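Peer 1: Just passing along the structure, written as structure tokens.
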Amino acid sequence: MTKEVKVRFAPSPTGYLHVGGARTALFNWLYARKYGGKFLLRIEDTDQERSSAEALQAILDGLKWLGLDWDEEMIFQSKRVELYRRYCQNLLQEGKAYYCYCSPERLEEKRRQAQKEKRPWKYDGTCRALSDKERERLERDGIPRVIRFRVPEGKTIFQDLVHGEVVFENDTIGDFVILRSDGHPVYQMAAVVDDALTGISLVLRGDDHLSNTPKQLMLYEALGFSAPRFAHVPQILGPDRKRLSKRHGAKSLTEYKMEGYLPEAVVNFLALLGWSPGDNREKMTIDELIDAFSIEGISKKSAIFDERKLEWLNGQYLRERSSKDLFKDVVETLRTHGLLGEEIDDQSRERVLTTIDLLKERVRKLTDFVDLGSYFFQDPVAYEEKGKRKHWADPAVAVRLQAVADELSNLDGFAVDEIEKAVRNLAGRLKIGAGELIHPIRLALSGRTFGPGLFELMEVLGKETVVRRLRKAIDYVKAQKEPNDISVKAS
RNA sequence: GACCCCGUCGUCCAGUCGGUCAGGACACCAGUCUUUCAAGCUGGUAACGGGGGUUCAAAUCCCCUCGGGGUCACCA
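Structure (structure tokens):
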């Protein structure tokens, strides 16, 4: 009988969902979707202290944003404590586990001592063979107890689907706790019981669990469960080659969303981190990913998250979406940055749409619409220094801009072609190249030395705004004249 | 420290059974286009951690070494 394909993502709600976790979830999801299996979501909240509702919400939001939907009901380990306890009792009865009364303080002391003497530390088995009498005494004294698993002798060998055969000598592993003194199970126990009971066929998870696998395998064996297969995906490292953590900029998915990344770009990028379709494809749709995904394509090497490549990919996705498609996201971004109010009439709707069209080719993140396009919505608050030096240094600038303003004011219509013709004609009459007008005008209108085609920009802004900004610039140039001369002398 | 995993351009990936000018992408540089910036197009710089073997031939197989990471919790 072939086992049903069933995988799971099992985060613990102790922090936000970062790219490493998200990628693990994605791989599991892709695997399930590819083979028509199930993708389960299990919340590992057996640690009461560290689990929080906010973290859970962040994880759920992240999965939802990426479009990773799960099958069946979400499993909360905190609601299954009785179950784990029962299995611990079974092990106890069969002599495969035992009560341990060692205090955490005492153990910590021993551990430190071992470290000082450079001896490898593992639990020394103090309580491994307590007599009934001793145990009764400790019980009578009310000493807190945990349940420890009795690690059997021998070796634990398994075939990891990405690493191949992995061998552990059991005696390098100390008897480990499976049930805490507060009656809550420890990760290893809860994970094994759940994976076994829910019929997980493949445990696909981070490399950091590779060393935990022998412990879990021993538990499967002791509990009489058949073990699933394992595949350990390399981890995602920070730029310093260290494990991802808040310290060196491991960002949550929420942050990527806030920064203007599209979920499809993030999914695509994450999929390519530690996995490859085998050919050299880079940009892949979700369906292509599902189709191409395979465990064989998973690399063994840990990877560093390269945000610049994600930016590029995001730009690709941004570019292929129509302005209409992008509208909602862009509006939201503009709003959070105060460039747009709640109310949007037809006119500003049109304006946003055109803005998107003009900016789309030069944008990599949604937030670039703000950074690169604020002047579509408000007069520039400053002029680029470089621009002033380059395009406004000529003493004739004020006069020329004035001429432009006059010329444009007299225009009947204000369409791209008319504007362009007017500006170029004026340049001709002034006997200067069109660039001599174009660049100073751009600076006046946007405060920038670069941007979309100037004539398109002018049409979007409208005659009134264009003329207003030109006049402002003229005033500015004139005002700068004298103070500038003085400051040159002074410095 | 013990144990486990990993090691191809700066970064992410290709490289089936040993034979490739070691390939693609991001980034970078140059050219092209253009009113600017992007985008696009064309081209370029750039890697098998090191040392030994085996072999006619090694990124690919073996050994050693160095480097990086992970696990050794009443965290997950």
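Residues in the first sequence are numbered consecutively from 890, following my numbering. Glycine residues also receive a C-beta, built at the ideal position from the N, C-alpha and C atoms. Bear in mind the structure is a predicted one, so any value in this text is a computation, not a measurement.
#1: So, for G984: in the same chain, excluding its five sequence neighbours on each side, which residues have a beta-carbon less than 8 Å away from its beta-carbon?
#2: Check whether the Cβ atoms of L915 and A947 lie closer than 9 Å to each other.
#3: Locate the alpha helix (DSSP H) running through I948, then write down its first and last residues.
#4: Of the residues D1295, C989 and H1280, which one's Cα is nearest the Cα of D1021?
#5: Is V1075 helix, strand or coil by DSSP?
#6: In this structure, does DSSP put H1280 in helix, strand or coil?
#7: Can at least three beta-carbon pairs, one atom from the segment 1039-1050 and one from the segment 1083-1090, be found at a separation below 8 Å?
#8: Grab the span of the beta strand (DSSP E) containing F1119 for me, first residue to last.
#9: Which stretch, first to last residue, makes up the alpha helix (DSSP H) that contains V1305?
#10: Within the segment 1122-1188, note down every full alpha helix (DSSP H) run reaching 4 residues or more, in order along the chain.
#11: Using three-state DSSP, classify Q1002 as helix, strand or coil.
#12: Unbroken beta strand (DSSP E) runs of length 3 or more, entirely within the segment 904-948: which are they?
#13: Please state whether DSSP places A1292 in a helix, a strand or coil.
#14: What's the call for R1289, buried or exposed, on a 16-neighbour Cβ count within 10 Å?
#15: Looking only at its chain, what residues have a beta carbon closer than 6 Å to the beta carbon of A1085, apart from the 5 residues adjacent to it on each side?
#16: Evaluate contact between the segment 1248-1257 and the segment 1289-1301, counting only Cβ atoms and requiring at least three cross-stretch pairs below 8 Å.
#17: Taking DSSP as the reference, what is the three-state secondary structure of S1380?
#18: Take K965 and list the residues in its own chain whose beta-carbon comes closer than 7 Å to its own, dropping the five residues that flank it on each side.
#19: Does the Cβ-Cβ distance between L1093 and T903 come in under 9 Å?
#20: Less than 8 Å between the CB atoms is what I'm expecting for A1311 and E1296, so what's the real figure, rounded?
#21: Starting from the C-beta of Y973, find all residues in its chain whose C-beta is less than 6 Å away, skip the five residues before and the five after it, and write them out in chain order.
#22: Determine the direct distance from the alpha carbon of L1106 to that of N1059, and round the result to whole angstroms.
#23: Pop quiz: R897 and L949 are said to be a contact at Cβ under 8 Å. What is the actual Cβ separation, rounded to whole angstroms?
#24: Let me check understanding here. Comparing Cα to Cα, which of S940, D960, E938 and Q937 lies closest to W918?
#25: Is there contact here, the segment 1021-1033 with the segment 1151-1167, by at least three beta-carbon pairs under 8 Å?
#26: Please determine, among T1015, P1009 and K1007, the residue with the shortest C-alpha to C-alpha distance to R995.
#27: For I1363, is the classification buried or exposed, using 16 other Cβ atoms within 10 angstroms of its Cβ as the cut-off for buried?
#28: Contact check, S1212 vs K1249 under 8 Å by CB: the rounded distance?
#29: Excluding sequence positions up to five away, which residues of its chain have a Cβ less than 7 Å from the Cβ of D1013?
#30: To the nearest angstrom, how far is it from the Cα of V1155 to the Cα of A1111?
#31: Counting pairs of beta carbons, one from the segment 1307-1323 and one from the segment 1206-1222, are three or more of them closer than 8 Å?
#32: Give the single residue among L1332, E1274 and V1349 whose Cα lies nearest to the Cα of L1247.
#33: I'd like to check one pair, H1052 with H1121: are the Cβ atoms closer than 9 Å?
#34: Apart from the five residues just before and just after C991, which ones in its own chain have a Cβ nearer than 7 Å to its Cβ?
#35: Evaluate G1204 with the Cβ neighbour count: other Cβ atoms within 10 Å of its Cβ, from every protein chain shown; 16 or more gives buried, anything less gives exposed.
#36: Applying the 10 Å Cβ sphere with the 16-neighbour rule, what's the burial state of P1329?
Peer 2: On the basis of the coordinates in this document:
#1: Start at 1 with the first residue of the first sequence, and residue 984 comes out as number 95. Answer for G984: R1039, listed in chain order.
#2: Your numbering for residue 915 matches position 26 in the first sequence. Your numbering for residue 947 matches position 58 in the first sequence. Against a cut-off of 9 Å, the Cβ pair of A947 and L915 comes out as no contact.
#3: The count along the first sequence starts at 1 and reaches residue 948 at position 59. I948 -> alpha helix (DSSP H) spans A942 to L955.
#4: As a working note, residue 1021 is residue 132 in the first sequence. Closest option to D1021, Cα to Cα, is C989.
#5: Here the question's residue 1075 lines up with position 186 in the first sequence. Looking at V1075 - three-state DSSP - the assignment turns out to be coil, as it is neither helix nor strand.
#6: Residue numbering aside, residue 1280 sits at position 391 when the first sequence is read from its first letter. When DSSP states are grouped into helix, strand and coil, H1280 belongs to the helix group.
#7: Because the criterion of three Cβ pairs below 8 Å is not met, the segment 1039-1050 and the segment 1083-1090 do not touch.
#8: As a working mapping, residue 1119 is identified with position 230 in the first sequence. Where F1119 is concerned, the enclosing beta strand (DSSP E) stretches over R1118 to V1122.
#9: Along the first sequence, read from residue 1 onward, the residue named residue 1305 stands at position 416. In this chain, the alpha helix (DSSP H) harbouring V1305 covers V1305 to L1319.
#10: Runs of the alpha helix (DSSP H) inside the segment 1122-1188: 1142-1147, 1152-1160 and 1175-1181.
#11: Indexing the first sequence from 1 puts residue 1002 at position 113. Here Q1002 sits in helix by DSSP.
#12: The qualifying runs are 927-932.
#13: Counted from its first residue, the first sequence places residue 1292 at position 403. A1292: helix per DSSP, three-state reduction.
#14: Here the question's residue 1289 lines up with position 400 in the first sequence. Under this definition R1289 is a buried residue.
#15: Residue numbering aside, residue 1085 sits at position 196 when the first sequence is read from its first letter. Non-local beta-carbon contacts of A1085 in its own chain, meaning distances under 6 Å to residues more than five positions away in sequence, involve F1114 in chain order.
#16: By the Cβ rule, the segment 1248-1257 does not count as touching the segment 1289-1301, because fewer than three pairs are nearer than 8 Å.
#17: The residue given as residue 1380 occupies position 491 in the first sequence. A caution first: S1380 carries a pLDDT of 37, below 50, which makes its placement in the model unreliable, though a value can still be read off. In this structure, S1380 counts as coil in the three-state DSSP scheme.
#18: Taking the first residue of the first sequence as 1, we reach residue 965 at position 76. Correcting the residue identity first, residue 965 is Phe in this sequence and not Lys. Taken in chain order, the residues that qualify are I932 and D934.
#19: Position 204 of the first sequence, counted from the start, is the residue given in the question as residue 1093. Position 14 of the first sequence, counted from the start, is the residue given in the question as residue 903. No, they are not a contact pair.
#20: Here residue 1311 refers to the residue found at position 422 of the first sequence. Here residue 1296 refers to the residue found at position 407 of the first sequence. The Cβ separation is near 5 Å, so the contact holds.
#21: Locating residue 973 in the first sequence gives position 84, counting from the first residue. Closer than 6 Å at Cβ, skipping near neighbours: P1074, M1078, A1079 and V1082.
#22: Residue mapping note: residue 1059 aligns to position 170 of the first sequence, counting from 1. Residue mapping note: residue 1106 aligns to position 217 of the first sequence, counting from 1. Going from the Cα of N1059 to the Cα of L1106 covers about 11 Å.
#23: By one-based count along the first sequence, residue 897 stands at place 8. By one-based count along the first sequence, residue 949 stands at place 60. Actually they are not in contact, since the Cβ atoms of R897 and L949 sit about 15 Å apart, beyond 8 Å.
#24: The sequence position of residue 918 within the first sequence is 29, counting from 1. Considering only alpha carbons, the answer is D960.
#25: Because the criterion of three Cβ pairs below 8 Å is not met, the segment 1021-1033 and the segment 1151-1167 do not touch.
#26: Taking the first sequence and counting its residues from 1, the one referred to as residue 995 is at position 106. Out of T1015, P1009 and K1007, T1015 has the C-alpha closest to the C-alpha of R995.
#27: Start at 1 with the first residue of the first sequence, and residue 1363 comes out as number 474. That one is buried.
#28: Within the first sequence, residue 1212 is the residue found at index 323, counting from 1. Within the first sequence, residue 1249 is the residue found at index 360, counting from 1. The beta carbons of S1212 and K1249 sit about 7 Å from each other, so the pair counts as a contact at 8 Å.
#29: In the first sequence, counting from the first residue as 1, residue 1013 sits at position 124. Closer than 7 Å at Cβ, skipping near neighbours: K999.
#30: If you number the first sequence from 1, residue 1155 lands on position 266. If you number the first sequence from 1, residue 1111 lands on position 222. In this structure, the straight-line span from the alpha carbon of V1155 to that of A1111 is close to 41 Å.
#31: As far as the Cβ criterion goes, the segment 1307-1323 does not touch the segment 1206-1222, which means the pair count is below three.
#32: Here residue 1247 refers to the residue found at position 358 when the first sequence is read from its first residue. The shortest C-alpha separation from L1247 is found at V1349.
#33: Translated into positions along the first sequence, residue 1121 becomes position 232. Translated into positions along the first sequence, residue 1052 becomes position 163. In contact: H1121 and H1052 (Cβ atoms closer than 9 Å).
#34: If you number the first sequence from 1, residue 991 lands on position 102. Here the set comprises T1015 and C1016.
#35: On the first sequence, residue 1204 is found 315 positions in, with the first residue counted as 1. Buried, because 16 or more other Cβ atoms sit within 10 Å of the Cβ of G1204.
#36: By 1-based counting over the first sequence, the position of residue 1329 is 440. Around the Cβ of P1329, a 10 Å sphere holds 16 or more other Cβ atoms; the residue is buried.
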